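Notes for the one structure printed next.
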Amino acid sequence: MENPLKTVKAYAATSATAPLSPSTIERRDVGPNDVLIEIAYAGICHSDIHTVRGEWGAIKYPLVVGHEIVGVVSEIGDNVTLHQVGDRVGVGCMVNSCRTCTNCLAGSEQYCLNGNTGTYGAVDADGTVTQGGYSTHIVVVEDFVLKVPESIPYEAAAPLLCAGITTYSPLAHWNAGPGKKVAVVGMGGLGHMAVKIAHAMGAHVTVLSQGLSKEADGRRFGADAFHATSKPETFEALANTFDLIVNTVSAPLDLDAYLSLLALNGTMVNVGAPPEALPLHVFTLFNNRRSFAGSGIGSIGETQEMLDFCAEHGIAPEVELIAADQINDAYERVLKSDVRYRFVIDASTLG
Ligand code: NAP
Ligand code: ZN
Ligand code: ZN
Numbered sequence: 440m441e442n443p444l445k446t447v448k449a450y451a452a453t454s455a456t457a458p459l460s461p462s463t464i465e466r467r468d469v470g471p472n473d474v475l476i477e478i479a480y481a482g483i484c485h486s487d488i489h490t491v492r493g494e495w496g497a498i499k500y501p502l503v504v505g506h507e508i509v510g511v512v513s514e515i516g517d518n519v520t521l522h523q524v525g526d527r528v529g530v531g532c533m534v535n536s537c538r539t540c541t542n543c544l545a546g547s548e549q550y551c552l553n554g555n556t557g558t559y560g561a562v563d564a565d566g567t568v569t570q571g572g573y574s575t576h577i578v579v580v581e582d583f584v585l586k587v588p589e590s591i592p593y594e595a596a597a598p599l600l601c602a603g604i605t606t607y608s609p610l611a612h613w614n615a616g617p618g619k620k621v622a623v624v625g626m627g628g629l630g631h632m633a634v635k636i637a638h639a640m641g642a643h644v645t646v647l648s649q650g651l652s653k654e655a656d657g658r659r660f661g662a663d664a665f666h667a668t669s670k671p672e673t674f675e676a677l678a679n680t681f682d683l684i685v686n687t688v689s690a691p692l693d694l695d696a697y698l699s700l701l702a703l704n705g706t707m708v709n710v711g712a713p714p715e716a717l718p719l720h721v722f723t724l725f726n727n728r729r730s731f732a733g734s735g736i737g738s739i740g741e742t743q744e745m746l747d748f749c750a751e752h753g754i755a756p757e758v759e760l761i762a763a764d765q766i767n768d769a770y771e772r773v774l775k776s777d778v779r780y781r782f783v784i785d786a787s788t789l790g
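Next up, the structure:
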């Protein structure tokens with residue numbers, strides 16, 4: 440089916456150092472299994488910033504980032520059964536996977552052994568480079584499109600597609616729930632969702648933030664305790680305490696200091712993605728039989744489960760809605776840990 444909106448408005452990065460600027464990109468025709476989505480809102484994830492600045496490695500410019508997307512289905516391909524025109528839908532960090540490897544067959548397509556197809560900066564089946572959500576429309580194969588419950592406020596839903604699932608997945612996998620002490624390190628986009636979700640799962644939640652300026656917010660999101668990591672006493676007072684620590688920090692941390700906060704059989708999961716290698720002392724792991732783990736986004740099935748969980752528990756991200764010409768200022772505020780707690784671009788302002 441011919442896509443009448445092939446050339447669409449967007450905001451693109453043109454180099455690692457230039458500000459993002461207005462641009463256009465080409466979207467493919469709507470194939471038999473595709474849906475065309477008119478994007479309403481797109482969240483700004485710290486991964487967008489790492490990517491466009493080349494911190495995770497060289498990328499091909501120009502690139503349109505954005506992998507927290509919500510909008511409305513405006514066209515469907517002939518074979519589409521999962522979505523209808525007018526549905527409120529979302530797209531997260533991936534738009535396809537090989538569907539045949541062991542991990543895909545196990546329903547963990549985020550860990551596709553052939554590499555999932557990222558929403559931006561990945562080579563798509565047709566050989567083009569995928570372009571993300573800072574744009575007015577996107578075409579995605581139907582089974583990588585999520586249903587966004589109408590009870591979640593529309594302008595707040597987008598960050599669930601990355602910040603929500605990236606924190607829900609490890610919290611669910613490591614059984615955050617009643618009787619479990621969970622610490623969340625860093626209360627930015629991911630961290631504030633980790634607090635809300637872990638609290639809704641019934642865990643006892645502690646925030647470990649650089650200072651105390653976000654304490655009232657943290658408690659409002661469901662934290663039972665809140666400590667400043669700038670104070671050395673914090674690490675003494677909380678030694679051997681937590682069953683699970685979710686580290687959302689975008690910069691390198693002293694891993695041994697945080698691992699020493701784990702109780703017997705405790706696990707610290709890194710979802711924060713600094714580019715640098717992080718040293719750790721194995722003796723810190725011997726004590727209390729501790730584990731250090733990582734976790735990457737979540738599967739499509741788990742993302743739908745998370746969206747439904749958030750709707751059921753009345754959880755939504757805290758967002759600052761911005762126009763497209765505020766994206767570069769928003770990036771600077773994210774880098775200063777000054778986001779409260781996710782910037783969301785109103786796609787109607789893209790030009
Ligand atoms: P964000 O909004 O910038 O939040 C990060 C938070 O970490 C900040 O708000 C701040 O919280 C804390 N922080 C920042 N710099 C710090 C420093 N130098 N030392 C100590 N704490 C610091 O970022 P985000 O969008 O939540 O993303 C967080 C990280 O997760 C990024 O690296 C991103 O790429 C990564 N990520 C990974 C996945 C995955 O699949 N694993 C998915 C999405 C994102 P306080 O002010 O409370 O200290
Ligand atoms: Zn992200
Ligand atoms: Zn696969």
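At position 43 of the sequence shown the residue is numbered 482 (the numbering used here), and the sequence of numbers has no breaks.
Each residue gets a CB set at the ideal place from its N, CA and C atoms; glycine is no exception.
Here the structure is a predicted model, which means the values were calculated and not measured.
Using 10 angstroms around the beta-carbon of residue i, count the other beta-carbons present and answer buried if the total reaches 16, otherwise exposed.
i: tryptophan 495; result: exposed
i: arginine 781; result: buried
i: lysine 635; result: buried
i: threonine 490; result: buried
i: lysine 619; result: buried
i: phenylalanine 725; result: exposed
i: serine 574; result: buried
i: aspartate 682; result: buried
i: asparagine 555; result: buried
i: alanine 595; result: buried
Out of the options, which has the shortest C-alpha to C-alpha gap to residue i?
i: threonine 680; options: Arg729, Pro713, Thr687; result: Arg729
i: glycine 641; options: Gly790, Ser648, Gly657, Ala611; result: Ala611
i: proline 471; options: Asp517, Met707, Asn614, Leu552; result: Asp517
i: histidine 720; options: Leu698, Glu741, Ala702, Ala596; result: Leu698
i: threonine 606; options: Glu477, Asn709, Ala633, Asn704; result: Ala633
i: threonine 668; options: Asp768, Leu717, Leu700; result: Leu700
i: valine 511; options: Ile476, His485, Glu759; result: Ile476
i: proline 691; options: Val624, Glu757, Ala637; result: Val624
i: aspartate 693; options: Gly554, Pro671, Thr520, Asn704; result: Pro671
i: leucine 703; options: Phe731, Gly627, His638; result: Phe731
i: glycine 630; options: His643, His506, Gly657; result: Gly657
i: serine 734; options: Asp487, Pro461, Thr687, Ala497; result: Thr687
i: isoleucine 508; options: Phe748, Cys484, Asp777; result: Cys484
i: valine 621; options: Gly627, Ala662, Val568, Asp565; result: Ala662
i: methionine 626; options: Ala769, Lys445, Glu757, Lys448; result: Glu757
Rounded to the nearest angstrom, what separates residue i and residue j at their Cα positions?
i: alanine 561; j: valine 685; result: 27 angstroms
i: alanine 676; j: glycine 737; result: 33 angstroms
i: serine 536; j: alanine 602; result: 20 angstroms
i: glycine 571; j: valine 783; result: 14 angstroms
i: arginine 659; j: arginine 772; result: 22 angstroms
i: threonine 463; j: serine 689; result: 30 angstroms
i: glutamate 548; j: threonine 558; result: 14 angstroms
i: arginine 492; j: arginine 538; result: 31 angstroms
i: leucine 760; j: proline 458; result: 19 angstroms
i: valine 580; j: serine 787; result: 23 angstroms
i: aspartate 468; j: glycine 616; result: 45 angstroms
i: lysine 653; j: alanine 481; result: 24 angstroms
i: glutamine 765; j: alanine 479; result: 16 angstroms
i: histidine 522; j: asparagine 709; result: 34 angstroms
i: arginine 779; j: proline 598; result: 12 angstroms
i: lysine 775; j: glutamate 465; result: 34 angstroms
i: glutamine 649; j: alanine 762; result: 29 angstroms
i: phenylalanine 722; j: aspartate 695; result: 9 angstroms
Would you say the beta carbon of residue i comes nearer than 6 angstroms to a heavy atom of ligand 5?
i: histidine 489; result: Here the bound small molecules are ligand 1, ligand 2 and ligand 3; ligand 5 is not part of this structure.
Spell out a yes or no on whether the stretch 508-526 and the stretch 738-758 are touching, meaning 3 or more CB-CB pairs, one atom from each, closer than 8 angstroms.
By the criterion of at least three beta-carbon pairs nearer than 8 angstroms, the stretch 508-526 is not in contact with the stretch 738-758.
If you measure from each CB to the nearest heavy atom of ligand 2 and keep those under 5 angstroms, what residues do you get, in chain order?
The answer, residue by residue, is Cys484, Ser486, Cys601.
Any residue with its Cβ nearer than 7 angstroms to a heavy atom of ligand 3 should be included. What is that list in chain order?
Selection around ligand 3 by beta-carbon proximity, strictly under 7 angstroms to any non-hydrogen atom, yields Ser536, Cys537, Arg538, Thr539, Cys540, Asn542, Cys543, Glu548, Cys551, Leu552, Asn553 in chain order.
Would you call the stretch 588-599 in contact with the stretch 544-559, where contact means no fewer than 3 C-beta pairs closer than 8 angstroms?
Between the stretch 588-599 and the stretch 544-559, the count of C-beta pairs closer than 8 angstroms stays below three; the two stretches do not touch.
Touch check for the stretch 498-510 and the stretch 443-459: three-plus C-beta pairs under 8 angstroms?
When C-beta atoms of the stretch 498-510 are compared with those of the stretch 443-459, three or more pairs fall below 8 angstroms, so the two segments count as touching.
Taking contact to mean 3 or more Cβ pairs, one atom from each stretch, closer than 8 angstroms, check whether the stretch 567-585 and the stretch 739-748 are in contact.
With contact defined as three or more Cβ pairs closer than 8 angstroms, the stretch 567-585 and the stretch 739-748 are in contact.
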